[in-house]
Amino acid sequence: MTALLSITGVTAFYGAVQALRGVDLEVGKGEIVALIGSNGAGKSTLMMSIFGAPRVRDGKILFDGQDITHMPTHEIARLSIAQSPEGRRIFSRMTVYENLQMGAAVAGYAGFEANLEKVFAIFPRLKERLKQRGGTLSGGEQQMLAIARALMSNPKLLLLDEPSLGLAPLVCKQIFETVKRLNEQEGLSVFLVEQDAHHALKLAHRAYVLVNGAVTMSGRGADLLRDPKVRAAYLEGGAH
Amino acid sequence: MPAERFVRALREAGWATLVVAGLSFPIIAYRAEPDFNNLLALQPRWPLFWQFCAAAFLLRFLLAFWSGDETKAKAPREKNWPKLPWLGPLALVFLTIYPLAVVALLGPQAALKWVDTYGVQILIYVLLGWGLNITVGLAGLLDLGYAAFYAVGAYAYALLAPATGLGFWALLPVCGLLAAFWGFCIGFPILRLRGDYLAIVTLAFAEIVRIVLINWDVVTHGEAGLFGFPGLNFFGLPFIPGPRGFAAHFGLPFQGIQKQIFLYYLVLVLALLANLVSLRLRRLPLGRAWEALREDEIACRALGLDTRNIKLTAFALGAFFAGIAGCLFALRQGFVSPSAFTFSESALILAIVVLGGGGSQLGVAVAAVFLVGASELLRELTFLKSVFGENFDPAQYRMLLVGLAMVAMMNFRPRGLVSTRAPTIKLGATS
Chain A
1 MTALLSITGV
11 TAFYGAVQAL
21 RGVDLEVGKG
31 EIVALIGSNG
41 AGKSTLMMSI
51 FGAPRVRDGK
61 ILFDGQDITH
71 MPTHEIARLS
81 IAQSPEGRRI
91 FSRMTVYENL
101 QMGAAVAGYA
111 GFEANLEKVF
121 AIFPRLKERL
131 KQRGGTLSGG
141 EQQMLAIARA
151 LMSNPKLLLL
161 DEPSLGLAPL
171 VCKQIFETVK
181 RLNEQEGLSV
191 FLVEQDAHHA
201 LKLAHRAYVL
211 VNGAVTMSGR
221 GADLLRDPKV
231 RAAYLEGGAH
Chain B
1 MPAERFVRAL
11 REAGWATLVV
21 AGLSFPIIAY
31 RAEPDFNNLL
41 ALQPRWPLFW
51 QFCAAAFLLR
61 FLLAFWSGDE
71 TKAKAPREKN
81 WPKLPWLGPL
91 ALVFLTIYPL
101 AVVALLGPQA
111 ALKWVDTYGV
121 QILIYVLLGW
131 GLNITVGLAG
141 LLDLGYAAFY
151 AVGAYAYALL
161 APATGLGFWA
171 LLPVCGLLAA
181 FWGFCIGFPI
191 LRLRGDYLAI
201 VTLAFAEIVR
211 IVLINWDVVT
221 HGEAGLFGFP
231 GLNFFGLPFI
241 PGPRGFAAHF
251 GLPFQGIQKQ
261 IFLYYLVLVL
271 ALLANLVSLR
281 LRRLPLGRAW
291 EALREDEIAC
301 RALGLDTRNI
311 KLTAFALGAF
321 FAGIAGCLFA
331 LRQGFVSPSA
341 FTFSESALIL
351 AIVVLGGGGS
361 QLGVAVAAVF
371 LVGASELLRE
381 LTFLKSVFGE
391 NFDPAQYRML
401 LVGLAMVAMM
411 NFRPRGLVST
421 RAPTIKLGAT
431 S
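Taken in sequence, the protein lines are chains A and B. Counting in full-length UniProt numbering, the first sequence tops out at residue 240, every number present. Counting in full-length UniProt numbering, the second sequence tops out at residue 431, every number present.
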C-alpha cells in the first residue's frame, strides 16, 4: 500500500508551548486511519497543521509524493485534500445549497451537478433541506453538510475532525457508517480524528494513539481495540 | 392589579429619573462659557436640568404603565416585511421623475434645494452606503474609516482636475481607482487582524488621512481646502450662461438648476451601477466567498479559499465606490476641505449600513434616506423657534435622530431594517 499522506517528525508550537513532539504518521491509499487521544493531546493541532495552520516547525508532510509542508493553506486545499473541520463550521446564514457551492469553490463548477447528485445519494437528507439555512439544521444534519461540503471538491483524502462531537449516539453511528461506505465504495482515504475511541477504532483499518503531542502506540484498529492499555485509558471511562 | 402596576411603573420611573439626573448633571446643570476675561465661567441651568428629569420621569412612567406585564413571555416581535416585488421598480420610477416633478411643481428657484440637498446629497450617501455594505455587510470586515476613501476620491478630483486638464468623465474612474488603490495598500498589512482590531486600525488610517490633508499645506491648502477646480459639464458643454453653455446649445433658457439635475441623474446612474455590481457579485463565486468569509473564516480556508485575496477585493471594491462618491461630492460642493471627512462621517455611513441591516441593498437605501433626509428636514423646522425661542436651532438635534433610530432599531428590529438575507440562488421545482 502506498502512502497518500505521510507525516514525518512533525513538531508544532503555540507560542512557546510545544503541541506536537515529532509525530510520524501515514495514511495509505484507500485506508481509514484514526487518531485517538484525550483532550489536549494535539489531535486537532496535527489535523490543522496538515493544512498549514499552525505551521509545523520541523518535519515534513508529503501528500501524494508532493511536499506540502510550507505550502499556503488555500493551495493545500486545492490538492484534493478536503477537510471537515472541528465543530463543523458550516456557513450558518447561507443555505445548504450555497454551502455545497462553497465546497466546490476549489474544484471549479465544471463537475458541480454530478458531484451534487453524488452527495445527495450519500446524504438524501440534505436534498430535502436544500433551501434551508445551514444554521437551522440539526447537529447531525450539520455534520452531514460539513462532510458533504468537503466531498464537493472531489477529494482523494478526507480529513475528519471529531465528527461525533455533540451528536446523539444513533446519529453518530450513522455518520460512521457513511464514512465506511464512502471508503468501501469510492475508495476514499480517510484520516479521522476522534475522541470516541471505541467507534473510531472499530471503523479504522489502522489507528494511532496520541499522548502529549507524541504517538505512543499504533497498529490495526481491531488490535488496539483489544489492547489492555488502550482499553484502560480510552475505552473504560479513563480508569488507569 | 392596576395599583400594583402603578407602583411598579412609579418605581421604574424613579430609577430612570435618577439615571438621567446623574448623566445630565455634569453636562446640563452647568454650562462652561468664556466670560469677558476669556476665562471659563460656570453658568447654572437648573430649570433645564429639572425639565429633563421631569420629562424622563413622565416618559418612563407612561411607558412602564402601558407596556403591560414584563414578567410574561411575549411572542417575538420581529416579523419579516411582506415581500414587495414592485417596491424596487416603483422607487426607480419615482427617483427618475423626482427632479423634473419638483421643478414643475415649485419652479426652478425653489426646487434647487430639493434637487440638490435632498436629491443629490442623499443619493451620494446611498452610494456610500452600498459601497460600505460590500466591506461590512457582505464580507463582514468592520471598517470605521470609510471616510478616508471618500476623502481620497474628493481630493483626487480637486487636485487632478486643474493639474491634468481632464474632465470629470476621465477622472471619475481615476478617483475610484485611486481610492481602491489605497484600500488595497491599507488592506495588505491589516487584513490579518480580526474584528475589533481591524476596526481600530481603519479608524486610525482615516485619522492619518485627515491629518495629512490638514498639514500638507503645499498640496492640500490645509484647513482652507481646495476650491475653484473645474466643475461639472455636460459631455463637454459647461453649465454657464452664454453661447458656449449647455442651455444655449440646446436652445433652453439658462437656469442654475440644470447643473444640479444633471448631477442628480449622474449620481443616480452611478448608485444604481454600484447596486447592480453588488447584486451581480453576490451571485458569483467572489461574492459568495465574501459572505462565506463573514460567516466563518477558518472554514473558508479549509475549503481552499484564499482569504487574503477575498478580503482585499472586498476592501478595495468598497473603497472604489467611496472614491466615486468622493468625486461626486467634490463636483456637488465645488469645495473640499478636511472637515468634511471626519470620523462622524465614517460613523454616519456605518450607521446607514447597520441600520439598513448589513447585506441588504434596499435596507441600506432606506436607512440613508431616513438618516440624511431627516437630519436635513430638521433644518426646515424653523417654526419651532416660535415655541422654543429665537436661539433654538433644530439642526443641532440631528445626532439625537441617529440615537433615536438606533434605539428604535434595537427595540423593534434588532437585526436591521431588512434583516433577512435572500439566498443568491432561486431553486426551481426540481428540489
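In this text, a Cβ means the ideal position worked out from N, Cα and C, and glycines have one as well. Model, not experiment: these values are computed from the prediction.
Spatially closest choice to residue i from the options, by CA coordinates
i: R93 (chain A); options: B:R288, B:E33, B:F315; result: B:R288
i: residue 448 (chain B); options: B:R294, B:V20, B:W15, B:W46; result: This structure does not reach residue 448 (chain B), given that chain B is present from 1 up to 431, and the question cannot be answered.
i: N183 (chain A); options: A:T11, A:E26, A:E31; result: A:E31
i: R283 (chain B); options: A:G22, A:V56, A:E98; result: A:E98
i: G119 (chain B); options: B:P243, B:I240, B:A271, B:P34; result: B:A271
i: T2 (chain A); options: A:F13, A:D24, A:G28; result: A:G28
i: E345 (chain B); options: B:T135, B:F229, B:D143, B:R11; result: B:D143
i: T313 (chain B); options: B:A104, B:Y155, B:L177; result: B:L177
i: L401 (chain B); options: B:Q361, B:F388, B:I352, B:T382; result: B:I352
i: R60 (chain B); options: B:L18, B:A299, B:G183; result: B:L18
i: G153 (chain B); options: B:V336, B:A395, B:F388; result: B:V336
i: F91 (chain A); options: A:E117, A:T136, A:L116, A:P228; result: A:T136
i: I68 (chain A); options: A:S84, A:Q83, A:I50, A:D58; result: A:I50
i: M152 (chain A); options: A:I81, A:S38, A:K229; result: A:I81
i: Q101 (chain A); options: A:L165, A:A12, A:A150, A:D24; result: A:A150
i: W66 (chain B); options: B:L87, B:Q121, B:L10, B:A110; result: B:L10
i: L62 (chain B); options: B:R5, B:G256, B:L159; result: B:R5
i: H249 (chain B); options: B:L237, B:A158, B:P394; result: B:L237
i: A13 (chain B); options: B:G22, B:L39, B:C53; result: B:C53
i: A53 (chain A); options: B:A302, B:F181, B:E33; result: B:A302
Neighbouring residues, chain B, relative to residue i (Cβ below 8 Å)
i: G103 (chain A); result: L303
i: S153 (chain A); result: L303, G304
Partners in chain A for residue i, counting only beta-carbon separations shorter than 7 Å
i: E291 (chain B); result: M94
i: P285 (chain B); result: A105
CB contact below 9 Å: residue i versus chain B
i: V106 (chain A); result: yes
i: I76 (chain A); result: yes
i: A239 (chain A); result: Only weak support is given to the placement of A239 (chain A): the predicted model assigns it a pLDDT of 39, under 50, and the question is left unresolved by the model.
i: P85 (chain A); result: yes
i: F51 (chain A); result: yes
i: T45 (chain A); result: no
i: A82 (chain A); result: yes
i: A114 (chain A); result: no
i: A150 (chain A); result: yes
Residue i at chain A interface by Cβ criterion, 9 Å
i: A139 (chain B); result: no
i: I298 (chain B); result: yes
i: S431 (chain B); result: In this predicted model, S431 (chain B) has a pLDDT of only 35, less than 50, meaning its place in the structure is not dependable enough to derive any value.
i: V364 (chain B); result: no
i: R288 (chain B); result: yes
i: G135 (chain B); result: The residue you asked about is not Gly; residue 135 (chain B) is Thr in the sequence shown. Cβ-Cβ to chain A under 9 Å: no for T135 (chain B).
i: T307 (chain B); result: yes
i: V354 (chain B); result: no
i: R11 (chain B); result: no
Run of the beta strand (DSSP E) containing residue i, from where it starts to where it stops
i: V23 (chain A); result: 17 to 28
i: R231 (chain A); result: Unbroken run through R231 (chain A): none, as it is neither H nor E.
i: S6 (chain A); result: 3 to 14
i: G215 (chain A); result: Note that residue 215 (chain A) corresponds to Val in the displayed sequence, not to Gly. Where V215 (chain A) is concerned, the enclosing beta strand (DSSP E) stretches over 214 to 220.
First through last residue of the alpha helix (DSSP H) which encompasses residue i
i: L87 (chain B); result: 87 to 113
i: P2 (chain B); result: 2 to 24
i: V152 (chain B); result: 146 to 164
i: F49 (chain B); result: 46 to 66
i: R31 (chain B); result: Where R31 (chain B) is concerned, there is no enclosing alpha helix (DSSP H), although the beta strand (DSSP E) it sits in stretches over 30 to 34.
Contacts of residue i in chain E (Cβ-Cβ under 8 Å)
i: F91 (chain A); result: This model lacks chain E altogether, as its protein chains are A and B.
Contacts that residue i makes with chain B (C-beta to C-beta distance below 7 Å)
i: T73 (chain A); result: R301
Sequence ranges, alpha helix (DSSP H) only - wholly within the region 199 to 256 of chain B, length at least 4
217 to 220, 246 to 249
Sequence ranges, alpha helix (DSSP H) only - wholly within the region 334 to 419 of chain B, length at least 4:
343 to 356, 361 to 380, 384 to 388, 398 to 412
Threshold first: 4 residues or longer. Then list the alpha helix (DSSP H) segments lying entirely within the region 125 to 160 of chain A, N to C.
139 to 151
Report the start-end ranges of each beta strand (DSSP E) in the region 168 to 208 of chain A that is 3 residues or longer and not cut off at the edges.
189 to 194
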